[in-house]
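Numbering follows our numbering, in which position 164 of the sequence shown is assigned residue number 403; successive positions increment by one, without gaps.
I have placed the structure first, in the form of structure tokens, so that the comments after it can refer back to it.
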Amino acid sequence: MLALSDSKECSMGSIIGDILTSALGIALSPIPLLAVITLLLAPRGNAAALGFLGGWLLGVILPVLVITILAGLLPESSGNASRPVGGTLLLVLGGLLLYLAAGEWRLRPQPGRAPVLPRWVAALDTMTVPQGLALGFGLAALAPKNLSLAIGAGLTIGGATFEFREVMLVLLVFVLIAASSMLVVVVGGMAAVDAWRRPLIELRDWMGRNSATVLAVLYLVLGVSLIGAGISAF
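Rendered as structure tokens:
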């Protein structure tokens, strides 16, 4: 569970454990996965899929890096002192995710009705590399769920007293886990396109039907996690 650990008592292992939920929450992003799968299945979509992957990696790295730097500038607490600034921010972010969970639950398609997907999904078949790069970055860095989780992880990492090398290692672990789903789909899909085509089509169709339900559950679990971390900071 995400936590604002006491910088004098935390270890690298405990910090990685704290940010694991946030990293997995970013990795489990149904709409971005649907997008990259659609790109891979397009006639000339491999290049755009690589652009999307590059944008996704950049969009994962940038927010958590910026927040880590900013969190390191906050006044250090000693002993068991509270961290009201970081705790309040986590409470707000957790509340936002719970609000989004309720919204996604209401958006679930009724039985027998097709799900409503974002309009840009229809343009994926003709997407260029720069467009794929921009879309990947936007979905990774600006989506409320991912941005909230990146902020929470950055507060946790930045609140620990680590050497530069240790901070970079923790950030690398976070980014690799957060991008793992995209890396597996893009690399696997491009390396064995014929073998992966049918599973990718089935996964894309399933995500299209169930994305709202999946997002609602993710928002609920991750929102509660952020709220718990925020409460423990006081």
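The beta-carbon is built from N, C-alpha and C at its ideal position, and this holds for glycine as well.
For clarity, every value in this text was computed on a predicted model and none was experimentally measured.
Pairwise C-alpha distance: residue j and residue i
i	j	result
residue 205	residue 340	In this structure the chain extends from 240 to 473, so residue 205 is not present and cannot be described.
residue 417	residue 350	32 Å
residue 388	residue 262	8 Å
residue 280	residue 377	21 Å
residue 333	residue 463	6 Å
residue 356	residue 447	7 Å
residue 386	residue 428	27 Å
residue 264	residue 282	31 Å
residue 413	residue 347	31 Å
residue 458	residue 384	7 Å
residue 345	residue 443	22 Å
residue 358	residue 473	42 Å
residue 407	residue 422	20 Å
residue 324	residue 400	17 Å
residue 453	residue 336	13 Å
residue 312	residue 445	44 Å
residue 252	residue 326	21 Å
residue 471	residue 322	9 Å
residue 390	residue 450	24 Å
residue 318	residue 256	Because the pLDDT of residue 318 is 47, which lies under 50, any placement of that residue in the model is unreliable, and the number read from its coordinates should be weighed accordingly. Straight-line Cα distance between these residues: approximately 21 Å.
residue 410	residue 361	34 Å
residue 438	residue 260	27 Å
residue 293	residue 460	28 Å
residue 250	residue 308	18 Å
residue 426	residue 403	31 Å
residue 269	residue 405	31 Å
residue 254	residue 352	44 Å
residue 435	residue 296	23 Å
Nearest-angstrom beta carbon gap, residue j and residue i [assumed within contact, 8 Å]
i	j	result
residue 277	residue 363	4 Å
residue 301	residue 431	The pair is not a contact, with the Cβ atoms about 31 Å apart (cut-off 8 Å).
residue 306	residue 398	Incorrect: roughly 10 Å between the Cβ atoms, too far for contact.
residue 291	residue 274	7 Å
residue 330	residue 440	Going by Cβ atoms, the distance from residue 330 to residue 440 rounds to 41 Å, so no, they are not a contact pair.
residue 289	residue 424	Not quite, the Cβ-Cβ distance comes to about 12 Å (not below 8 Å), so this is no contact.
residue 395	residue 258	6 Å
residue 287	residue 368	6 Å
residue 375	residue 298	6 Å
residue 343	residue 455	4 Å
Unbroken alpha helix (DSSP H) run spanning residue i, endpoints
i	result
residue 361	That residue, residue 361, is in no alpha helix (DSSP H); it is neither H nor E in DSSP.
residue 260	251-266
residue 349	Premise fails: residue 349 is in no alpha helix (DSSP H) and is neither H nor E.
residue 374	368-380
Below-8 Å beta-carbon distance, residue i vs any chain B residue
i	result
residue 369	The structure shown has no chain B; it contains just one protein chain.
Just to confirm the assignment: which complete alpha helix (DSSP H) runs, minimum length 4, are found wholly within the stretch 394-473? Entirely contained in the stretch 394-473, the alpha helix (DSSP H) runs reaching 4 residues are, in chain order, 403-417, 419-430 and 432-471.
Identify every run of the alpha helix (DSSP H) within the stretch 281-326, keeping only runs that are complete inside it and at least 4 residues long; order them along the chain. Taken in chain order, the unbroken stretches of alpha helix (DSSP H) that lie wholly in the stretch 281-326 and span 4 residues or more are 285-311.
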